[in-house]
Amino acid sequence: MSLTPPVLLVLDISALASSTPKEWIEFSRIGSTYIPQAVYEEMKLLFDRSPDPDLEELCKSFNHFYPHSGWTITEAHAHHPSLAAAGQALTRRARITLASARCAYALALSSPGHLAVLVTNDQSSLQRIYQLPSTNLCAIRTSELLQWCRAGQRPVMVSQKMQQLRATSSVAAAVTTNSGSVRTSPTRVHPGTLSTPPRSPSMTARRYAQPPSRPSRSRVRADNSLPDWITQLLSLVLAFGGLALAAWIMWSVIHNTEWLAPLRQPLDPTQPTPQ
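Position in the sequence shown counted from 1, then plus 29, gives you my numbering.
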């Protein structure tokens, strides 16, 4: 894959809480943005019941921004041992953060040609995503995403995953090309696998009594000669030509033509020519 892989941004609730609506607009420039269903429900709940004025203002801004943002709410989730809940009871915020990590992992599995990027400020989520054996999934902080949007500088983890994704795609394309160009060798039939009908004694005796006849020369010549009608035509032409030549010679002798004069001269040059 020579082009840059498409990016799928998954925003955790901590990423939304540490940014502003103006910065949310900048997030959309990186790639397709997804909000896990658990994060969306939490934002609605905080908008209705939050006692914190700042948090209430944030939820209100999100509710006004989302309908026109082009973002997508997704219920995708996938399980992995690294994304399992710990034995101790999780807080509400920890469950939402874990649900965001599972959502990013599910998008990475369903879109192998895309790079799924989880944006979170939770250290445990960053460590969980780092431990997953996936070439198209990584996690970054909100500050790294802002620097990526404004300065065009990709985070180190994003650059590494893009290189791995390109290498994996190139190897897969090469294997597909080679498998499509493999030629099958012609099937060989072994003599032992052929079944021949039993030969009768008369056929065996005839085989040894009469050696295989070779084609005669006359047959070979006949095969290589012209068609019969051309041969007959040439014979007729030659016959008529001979008859015409003989008739002309006889006519010349009878009428004493001049061109026969040299033939009447004697062979001895001393002998006078008859008058």
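Backbone N, C-alpha and C fix where the C-beta goes; we use that ideal spot for every residue, glycine too.
Treat the numbers as computed from the prediction; the structure is a model and nothing was measured.
is_contact[residue i, chain B] using C-beta, thresh 8 Å
i	result
ALA135	No chain B appears in the structure shown, which is made up of a single protein chain.
Extent of the continuous beta strand (DSSP E) to which residue i belongs
i	result
THR103	101-103
LEU144	144-148
LEU305	No answer is possible for residue 305: it lies beyond the span of the chain, which begins at 30 and ends at 304.
When the options are compared against residue i, the one with the closest alpha-carbon
i	options	result
PRO35	GLY99, ALA137 and ASP83	ALA137
CYS88	HIS108, LEU112 and ALA44	ALA44
ASN92	VAL68, LEU112 and SER111	VAL68
LYS190	PRO96, ALA113, PRO65 and GLY142	GLY142
ASP81	ALA46, ALA107 and TYR95	ALA46
SER198	GLU173, ARG183, ALA180 and THR164	THR164
Nearest-angstrom Cβ-Cβ length linking residue i and residue j, presumed shorter than 8 Å
i	j	result
THR171	VAL185	The Cβ separation is near 16 Å, so there is no contact.
SER139	ALA105	7 Å
GLU70	PHE76	That pair is no contact at about 11 Å.
ILE158	ALA130	6 Å
ASP151	ASP83	Going by Cβ atoms, the distance from ASP151 to ASP83 rounds to 20 Å, so no, they are not a contact pair.
CYS132	ILE59	Not really, about 17 Å apart at Cβ, beyond 8 Å.
LEU119	LEU127	7 Å
LEU37	ALA145	5 Å
TYR63	THR103	5 Å
GLY99	SER48	The pair is not a contact, with the Cβ atoms about 17 Å apart (cut-off 8 Å).
Boundaries (first-last residue) of the alpha helix (DSSP H) holding residue i
i	result
SER61	Unbroken run through SER61 is the beta strand (DSSP E), 61-65; no alpha helix (DSSP H).
ALA268	257-283
HIS93	82-94
PRO110	Unbroken run through PRO110: none, as it is neither H nor E.
At 4 residues or longer, what runs of the alpha helix (DSSP H) sit wholly inside the region 126-203?
Runs of the alpha helix (DSSP H) inside the region 126-203: 152-160 and 171-180.
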